[in-house]
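Peer 1: Mapping of the sequence shown onto the numbering used here: position 165 corresponds to residue 160, and the numbering continues sequentially without gaps. For glycine and all other residues, C-beta sits at the position ideal for the given N, C-alpha and C. For clarity, every value in this text was computed on a predicted model and none was experimentally measured.
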Amino acid sequence: MARRRLRATVRSATAGTAVLLTGGALLALLPLLCRPAEARTAFLHLAQDNSGRAAVVLLALALLPNAAVWGASFALGPGFLLGAGHLVAPLGTAAVPLLPGAPRLPVLPAEGYGAPLSWAVGVVPLAAGVTLAWRTAGAAAPAYGEREDAWGWGRTLLVVTGAALLCGAMTAGLCELAGGAMGTRELSRFGPVRWQPGVAATAWMLLVGTPTVLVLRAWRVRGRARRFRRPA
């Protein structure tokens, strides 16, 4: 039983983290798709010949995992740094420093307070929390098991809490790997602010996952009871 709960915890946390990263990757790519003219201008400005452009494409592909982590951190709320003191987050974006001669990339939000459209990125951690709860509920009350085999409320809450904590730890670890310094002074801080996305991920998973898993578990248990009920 303990092994089953541990396995469910790991699988649920992994599923939630995967949804966060998938959503983060989509957020990173969406501005490029919505503003193709600006993306093309920036791309042509970064390289003047075909070999240089091929190198830029390869570099972009190599950095896509980092972009997914940065996008996930943005969706969670803490955002990420583009230089010391220059935060990019849904609730507001500070002025972004540009290197001399470097184009402004279309993936960067405009300076100022966040707009309602930027707050809509909260759908990413919301979907991750629902996914985490769905996987936990599937383990707590298997579709083809007996009603007596279903976990109680306490065990279900224990697993979803452990999954939320593990998801936060995984997110924090990925953010630590995806950020760092690119130089000194202005370039000394790049990427998510270490522990903040991890705490935010844990909070999102708990706030969304806890009520959702309780509802899903009750629904699955009651559905199973109706399915196995025999007429008098």
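Return the residue from the list Leu77, Ala135, Ala132, Ala213 that minimises the CA-CA distance to valine 188.
Peer 2: For this step, residue 188 is matched to residue 193 along the sequence shown. If we check each option's Cα against that of valine 188, Leu77 comes out closest.
Peer 1: Looking at C-alpha atoms only, which residue of Gly157, Leu201, Ala195 is the closest neighbour of arginine 2?
Peer 2: The sequence position of residue 2 within the sequence shown is 7, counting from 1. Ranking the options by Cα distance to arginine 2, first place goes to Gly157.
Peer 1: Taking just the CA atoms, how far does leucine 15 sit from alanine 70?
Peer 2: Sequence index remark: in the sequence shown, residue 70 carries index 75 (1-based). Sequence index remark: in the sequence shown, residue 15 carries index 20 (1-based). Their Cα atoms are separated by approximately 8 Å.
Peer 1: Classify asparagine 61: buried if its beta carbon has 16 or more other beta carbons within 10 angstroms, exposed otherwise.
Peer 2: Residue numbering aside, residue 61 sits at position 66 when the sequence shown is read from its first letter. Label assigned to asparagine 61: buried.
Peer 1: Among Ala57, Arg150, Gly124, Thr126, whose alpha-carbon lies nearest the alpha-carbon of alanine 136?
Peer 2: Here residue 136 refers to the residue found at position 141 when the sequence shown is read from its first residue. That would be Arg150, whose Cα lies nearest to the Cα of alanine 136.
Peer 1: What do you get for glycine 175, buried or exposed, if any count of 16 or more other CB atoms within 10 angstroms of its CB means buried?
Peer 2: On the sequence shown, residue 175 is found 180 positions in, with the first residue counted as 1. So glycine 175 counts as exposed.
Peer 1: Would you mind working out which of Leu161, Gly19, Glu171 sits nearest threonine 197, comparing C-alpha positions?
Peer 2: Against the sequence shown, residue 197 aligns to sequence position 202. Among Leu161, Gly19, Glu171, the Cα nearest to that of threonine 197 is on Leu161.
Peer 1: Just list the beta strand (DSSP E) runs in the segment 163 to 217, keeping only unbroken ones of 3 residues or longer that don't cross its boundaries, in chain order.
Peer 2: Counting whole runs of 3 or more residues, the segment 163 to 217 contains the beta strand (DSSP E) stretches 185 to 187.
Peer 1: Is it the case that the Cβ atoms of glycine 11 and methionine 200 are separated by a distance below 8 Å?
Peer 2: Here the question's residue 11 lines up with position 16 in the sequence shown. Here the question's residue 200 lines up with position 205 in the sequence shown. Yes.
Peer 1: Could you pull out every unbroken alpha helix (DSSP H) segment of at least 4 residues lying fully inside the segment 27 to 64, listed in chain order?
Peer 2: DSSP runs (the alpha helix (DSSP H)) wholly in the segment 27 to 64: 31 to 41.
Peer 1: Just to confirm, are glycine 18 and valine 64 a CB contact at a threshold of 8 Å?
Peer 2: The sequence position of residue 18 within the sequence shown is 23, counting from 1. The sequence position of residue 64 within the sequence shown is 69, counting from 1. Their beta carbons are not under 8 Å apart, which means glycine 18 does not touch valine 64 by this criterion.
Peer 1: Please report the straight-line C-alpha distance between alanine 37 and alanine 173, rounded to a whole angstrom.
Peer 2: Sequence index remark: in the sequence shown, residue 37 carries index 42 (1-based). Sequence index remark: in the sequence shown, residue 173 carries index 178 (1-based). For alanine 37 and alanine 173, the distance between alpha carbons rounds to 23 Å.
Peer 1: Roughly how many angstroms separate the alpha carbons of asparagine 45 and proline 192, rounded to a whole number?
Peer 2: Indexing the sequence shown from 1 puts residue 45 at position 50. Indexing the sequence shown from 1 puts residue 192 at position 197. About 38 Å.
Peer 1: What is the C-beta distance between leucine 207 and valine 119, in whole angstroms, given that I count them as a contact (C-beta under 8 Å)?
Peer 2: Looking up residue 207 in the sequence shown gives position 212. Looking up residue 119 in the sequence shown gives position 124. It should be pointed out that residue 207 corresponds to threonine in this sequence rather than to leucine. Not quite, the Cβ-Cβ distance comes to about 16 Å (not below 8 Å), so this is no contact.
Peer 1: In whole angstroms, what is the alpha-carbon distance linking arginine 130 and serine 7?
Peer 2: Working through the sequence shown from its first residue, we reach residue 130 at position 135. Working through the sequence shown from its first residue, we reach residue 7 at position 12. Straight-line Cα distance between these residues: approximately 5 Å.
Peer 1: Could you work out which residue in Ala42, Ala50, Ala13, Arg30 is closest to threonine 166 when comparing CA atoms only?
Peer 2: Within the sequence shown, residue 166 is the residue found at index 171, counting from 1. Closest option to threonine 166, Cα to Cα, is Ala13.
Peer 1: On a CA-only basis, which of Leu59, Thr4, His40 is nearest leucine 24? Give me that one, please.
Peer 2: Within the sequence shown, the letter at position 29 stands for residue 24. When each option's Cα is compared against that of leucine 24, the closest is Leu59.
Peer 1: How long is the line joining the alpha carbons of alanine 79 and glycine 186, rounded to whole angstroms?
Peer 2: Working through the sequence shown from its first residue, we reach residue 79 at position 84. Working through the sequence shown from its first residue, we reach residue 186 at position 191. Cα-Cα distance, rounded: 10 Å.
Peer 1: Given this structure, state the Cα-to-Cα distance separating leucine 94 from histidine 40, to the nearest angstrom.
Peer 2: Against the sequence shown, residue 94 aligns to sequence position 99. Against the sequence shown, residue 40 aligns to sequence position 45. Because leucine 94 sits at a pLDDT of 49, beneath the cut-off of 50, its placement in the model cannot be relied upon, and the following sentence gives the value as read from the coordinates. Cα to Cα, the separation comes out at about 13 Å.
Peer 1: Quick check on alanine 128 - is its C-beta less than 8 Å from some C-beta in chain C?
Peer 2: Protein chains in the displayed structure number just one, and chain C is not present.
Peer 1: Where does alanine 84 sit, in a helix, a strand or coil, going by DSSP?
Peer 2: On the sequence shown, position 89 is the one that residue 84 refers to. Residue state, collapsed to three classes: strand.
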